[in-house]
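Student:
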Amino acid sequence: MVLLKFWAAYSSICLTISSLAGPGIAAPPLVQGRTGLVTSTHPDATRVGLEILKQGGNAVDAAVATAMAISVAEPFSAGIGGGGFLLLRLEETDQMIALDFRERAPLKADSRLYLDAEGQVIPRASIDGHRAVAVPGTIAGLQAIHQKHGRLPWQTLLNPAIKLAEEGFVVSDRTHRIIRLRQKALAANPAAREIFLTKGQPLTVGSRLIQTDLAKTLKRLAQDPQDFYSGSIALAIAKDMRNNDGLVSLWDLRTYAPTWREPLCGEFQQMQVCSMPPPSSGGVHLNQILNLLTLGLPFPAKSDHPDYVHALVEAMKIAYADRAEYLGDADFVEVPVQELISPQYAQRRFQEIDPNQARPADQVKAMDARTLKWLQKESNDTSHLNVVDRDRNAVSLTFTLNLGFGAGVVVPGTGILLNNEMDDFATAPGIPNAFGLVGNTQNAIAPAKKPLSSMTPTIVTEAGKLRLVVGAAGGSTIITTVLQLVMNVLVFEQDVATAINAPKVHHQWRPLPLRIEERVKFPPTTVEALKQRGHDIQMRTQWGNANLIEVTPQDKLFGAADPRGEGTASGY
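In mature numbering (1 follows the signal peptide of the UniProt record, and there is no 0), the protein residues as written are -26 to -1, 1 to 546.
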């Protein structure tokens, strides 16, 4: 009970971090571009990405520069001390490429890392401080994709972020409030305290955040990105870990490498929906839920119709029950990916959905492994950005420090905020993490293993042509947010601004009830109809933070960024 109460409080903080936009939400502008378009969670980062496109850079160049700018301008959400996933589509060859630069557990980590002598979870041990840190992958990932597919020099792509760190930027209300939410953790770390607090208090709205040490670090990385893993930066990280009982060693850094993976693609209404495979759960469950929804055709006319919302929620419950049972790092455990996204599996599970009655979580079970195998024999806080360039190459990139300001740890002299990604492991079977997600031994901590993620960078194509580039921040709501954006644009034919502004729902099986967004409201008749079908509803003001780009059949580009955050879309 204590753990659940802690999770409820901390989950609220996590969601608040992903979506702080103040009371009420104004619809975002619908941005059009003829040649190229960039969307991201921060206006300075979007501007940087567009400048790179105008300089002749391709989608990869713009994505790298945008991500590096986010690392400066959104220090609480993502950065070079974290990791993520990237999906790239090359227009000329219709090739889809997936790069996993997720953080991994230190070699000294084990399954009892956050348990006391009695086997009880130590509160906050996987959230705050040096022992919560996993081996970062952002720089390795960005360097790897740039080496293979970039066009402009690496240093050119880092220069805007360096300038942003040196000259600083105005602290927004959102940044101020997130610093306040994580004030205790930041105050406990001298280097973090020096950057983000003034006389022990959060930086004020309108003040300027200058990150001199981070600028120096970025200059070193512009000359040699491997400095992060084997040079002076790596030595500084390893030293700080040794001095503070952390687990990440110099050897952990030197042996880190990103992983090229096979994109996970499924068919949906004559379109191909591609996303990330494990250790992300996003691609599996996005395609799984789309399969279930397809069996419910025809869809109602509107995305806020209670029949559709009910089916959506019941499908979410099935997917998240499977997530808890089967998903983990496929390099360490067997994950029945193809079984879970197979049409046969969807047929079996769709029969469980009652169109007139919600099922309690304890009645929704993962299908047993033997049945899954039989079906296969019959038939396997976070930031996001999107880029489409003049050649219609596309990048969808999601990366993170996990919770706001990660572990609350800055490596002295470097300005690098470190992640607390170890909290995404299952610290013990059935114990929820900070987002309320539960897991079992599939996602248990092991040396060099990567924790399960909800990040869902997604690219949709139709008849061999780019159609949609989409992703989101928001912890466990990422998958369901991306799902609803895909449905809103491709099924309900909403423009991207309307789709992103539309109210959202989320259900992750347990322990939560059905979350319904409060600031952007569903019709009262829909909410009442859901209550009558037995849904236990919780109204929430906080939500995820998404952005997306649509390419119309006429080759027009339209983009929008979530009004729940402070992101922007910009094209030319």
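Beta carbons are placed, not taken as given, at the ideal position from N, Cα and C, and that holds for glycine.
Does the Cβ-Cβ distance between S254 and T432 come in under 7 Å?
Tutor: Residue 254 sits at position 280 when you count from the first residue of the sequence shown. Residue 432 sits at position 458 when you count from the first residue of the sequence shown. No, the Cβ-Cβ distance between S254 and T432 is not below 7 Å.
Student: Can you say whether Q69 is buried or exposed, counting buried as having 16 or more other CB atoms within 10 angstroms of its CB?
Tutor: On the sequence shown, position 95 is the one that residue 69 refers to. Under this definition Q69 is an exposed residue.
Student: So what does DSSP say about S353, is it helix, strand or coil?
Tutor: What you label residue 353 is simply residue 379 of the sequence shown in a count that begins at 1. Any reading at S353 must be qualified, since the residue scores a pLDDT of 34, below 50, and its modelled position is unreliable; the value itself is stated next. Here S353 sits in coil by DSSP.
Student: Within 10 Å of its beta-carbon, does A473 have 16 or more other beta-carbons around it, so buried, or fewer, so exposed?
Tutor: Mapped onto the sequence shown, residue 473 falls at position 499. When all chains shown are included, A473 counts as buried.
Student: How long is the line joining the alpha carbons of E308 and A503, rounded to whole angstroms?
Tutor: As a working note, residue 308 is residue 334 in the sequence shown. As a working note, residue 503 is residue 529 in the sequence shown. Going by the C-alpha atoms only, they are around 40 Å apart.
Student: With C-beta atoms as the reference, is S51 less than 7 Å away from D355?
Tutor: For the purposes of this step, residue 51 is taken as residue 77 along the sequence shown, with counting starting at 1. For the purposes of this step, residue 355 is taken as residue 381 along the sequence shown, with counting starting at 1. Taking 7 Å as the Cβ cut-off, S51 and D355 qualify as a contacting pair.
Student: Relative to the C-alpha of T526, which residue among R441, L488, T455 is closest?
Tutor: Taking the first residue of the sequence shown as 1, we reach residue 526 at position 552. Checked all of R441, L488, T455; the closest Cα to T526 is R441.
Student: Around the Cβ of N217, are there at least 16 other Cβ atoms within 10 angstroms (buried) or fewer (exposed)?
Tutor: One-based indexing of the sequence shown puts residue 217 at position 243. That one is exposed.
Student: By Cβ distance, which residues of its chain are closer than 8 Å to Q528, with the 5 residues on each side in sequence left out?
Tutor: Residue mapping note: residue 528 aligns to position 554 of the sequence shown, counting from 1. Here the set comprises nothing.
Student: With 16 as the cutoff for other CB atoms within 10 Å, does D363 come out buried or exposed?
Tutor: Your numbering for residue 363 matches position 389 in the sequence shown. Burial call: buried.
Student: Candidates F379, A520, Q506: which alpha carbon is nearest A476's?
Tutor: Position 502 of the sequence shown, counted from the first residue, corresponds to residue 476. That would be A520, whose Cα lies nearest to the Cα of A476.
Student: Whose C-alpha, out of Q121, G57, Q246, is nearest the C-alpha of A437?
Tutor: For the purposes of this step, residue 437 is identified with residue 463 of the sequence shown, where counting begins at 1. Minimum Cα distance to A437 is reached at Q246.
Student: Give the range of the beta strand (DSSP E) segment to which T435 is assigned.
Tutor: As a working mapping, residue 435 is identified with position 461 in the sequence shown. Run containing T435: 432 to 436, per the beta strand (DSSP E) assignment.
Student: With distances taken between CB atoms, is the gap from P252 to G115 smaller than 7 Å?
Tutor: Counting from 1 along the sequence shown, the entry for residue 252 is found at position 278. Counting from 1 along the sequence shown, the entry for residue 115 is found at position 141. No, the pair does not count as a contact, with Cβ atoms beyond the cut-off.
Student: Roughly how far, in whole angstroms, is the beta-carbon of T112 from the beta-carbon of G23, given that I think they are within contact range, below 8 Å?
Tutor: Reading the sequence shown from its first residue, position 138 is the one you call residue 112. Reading the sequence shown from its first residue, position 49 is the one you call residue 23. Not a contact, Cβ separation roughly 16 Å.
Student: Measure the Cβ-Cβ separation of T455 and G449 and say whether it is below 7 Å.
Tutor: Taking the first residue of the sequence shown as 1, we reach residue 455 at position 481. Taking the first residue of the sequence shown as 1, we reach residue 449 at position 475. For T455 and G449, no; Cβs fall outside 7 Å.
Student: On the CB-based measure, 16 or more other CB atoms within 10 Å of its CB, does L314 come out buried or exposed?
Tutor: In the sequence shown, residue 314 corresponds to position 340, counting from 1. Label assigned to L314: buried.
Student: Hey, how far is the Cα of Y319 from the Cα of A39?
Tutor: The count along the sequence shown starts at 1 and reaches residue 319 at position 345. The count along the sequence shown starts at 1 and reaches residue 39 at position 65. One C-alpha to the other measures close to 41 Å.
Student: Between which two residues does the beta strand (DSSP E) carrying G57 extend?
Tutor: Counting from 1 along the sequence shown, the entry for residue 57 is found at position 83. Per DSSP, G57 belongs to the beta strand (DSSP E) from 57 to 64.
Student: Starting from the C-beta of V5, find all residues in its chain whose C-beta is less than 6 Å away, skip the five residues before and the five after it, and write them out in chain order.
Tutor: Working through the sequence shown from its first residue, we reach residue 5 at position 31. Cβ within range, chain order: G533, A543, G545.
Student: Can you list, in chain order, the residues of its chain with a C-beta nearer than 8 Å to that of E77? Leave out the 5 residues immediately preceding and following it.
Tutor: Position 103 of the sequence shown, counted from the first residue, corresponds to residue 77. Excluding sequence neighbours, E77 sits near G56, G57, A108, V109, P110, G111, N393, E395, K424, P425.
Student: Identify, in the order they occur along the chain, each residue of the same chain with its Cβ nearer than 7 Å to the Cβ of A118, setting aside the five sequence neighbours on each side.
Tutor: Here residue 118 refers to the residue found at position 144 of the sequence shown. Contacts found: L73, P232.
Student: Quick check on the burial criterion: 16 or more other C-beta atoms within 10 angstroms. Buried or exposed for M513?
Tutor: Sequence index remark: in the sequence shown, residue 513 carries index 539 (1-based). So M513 counts as exposed.
Student: Got a sec: is the Cβ-Cβ distance from N265 to anything in chain D below 7 Å?
Tutor: Among the chains in the structure shown there is no chain D, since it carries only a single protein chain.
Student: Between P49, A165, Q244, which lies nearest to F210 when the distance is taken from Cα to Cα?
Tutor: Position 236 of the sequence shown holds residue 210. In the sequence under discussion, the amino acid at residue 210 is Ala, which differs from the Phe named in the question. Comparing Cα positions, the closest option is A165.
Student: Check for me: the beta strand (DSSP E) holding L442 runs from which residue to which?
Tutor: Here residue 442 corresponds to residue number 468 of the sequence shown, with the count starting at 1. It spans 439 to 447 - the beta strand (DSSP E) in which L442 sits, taken as one unbroken run.
Student: Note the first and the last residue of the continuous beta strand (DSSP E) segment covering T415.
Tutor: Reading the sequence shown from its first residue, position 441 is the one you call residue 415. It is not in any beta strand (DSSP E) - T415 carries neither H nor E in the DSSP assignment.
Student: Identify the residues that DSSP records as bridge partners of H358: which are they?
Tutor: Translated into positions along the sequence shown, residue 358 becomes position 384. Partner(s): T372.
Student: The beta strand (DSSP E) with R514 in it runs from where to where?
Tutor: As a first step, residue 514 is located in the sequence shown; it is residue number 540 there, counting from the start. That run of the beta strand (DSSP E) goes 511 to 514.
Student: Run through the DSSP bridge pairs and tell me what residue 586 is partnered with.
Tutor: Outside the displayed span of the chain (-26 to 546) sits residue 586, for which this structure offers no information.
Student: Comparing alpha-carbon positions, which option in A381, P280, Q468, N367 lies nearest I71?
Tutor: In the sequence shown, the residue the question calls residue 71 occupies position 97. For I71, the nearest C-alpha among the options comes from N367.
Student: Once DSSP output is grouped into helix, strand and coil, what is the label at L504?
Tutor: The count along the sequence shown starts at 1 and reaches residue 504 at position 530. Correct three-state label for L504: helix.
Student: Please return the same chain residues whose Cβ sits closer than 6 Å to the Cβ of L126, not counting the five positions on each side in sequence.
Tutor: For the purposes of this step, residue 126 is taken as the residue at position 152 of the sequence shown. Around L126: G31, D35.
Student: Is it right to say G(-5) is buried, meaning 16 or more other beta carbons lie within 10 angstroms of its own, or is it exposed?
Tutor: Here residue -5 is taken as the residue at index 22 of the sequence shown, counted from 1. Since pLDDT at G(-5) reaches only 45, below the 50 mark, its modelled position is unreliable, and no value is offered.
Student: Can you tell me whether A47 is buried or exposed, with buried defined as 16 or more other CB within 10 angstroms of its CB?
Tutor: Residue mapping note: residue 47 aligns to position 73 of the sequence shown, counting from 1. Per the 10 Å Cβ criterion, buried.
Student: With a CB to CB cut of under 8 Å and the five nearest residues on each side skipped, what residues in its chain are close to E141?
Tutor: Residue mapping note: residue 141 aligns to position 167 of the sequence shown, counting from 1. Within the same chain, E141 has close Cβ partners I184.
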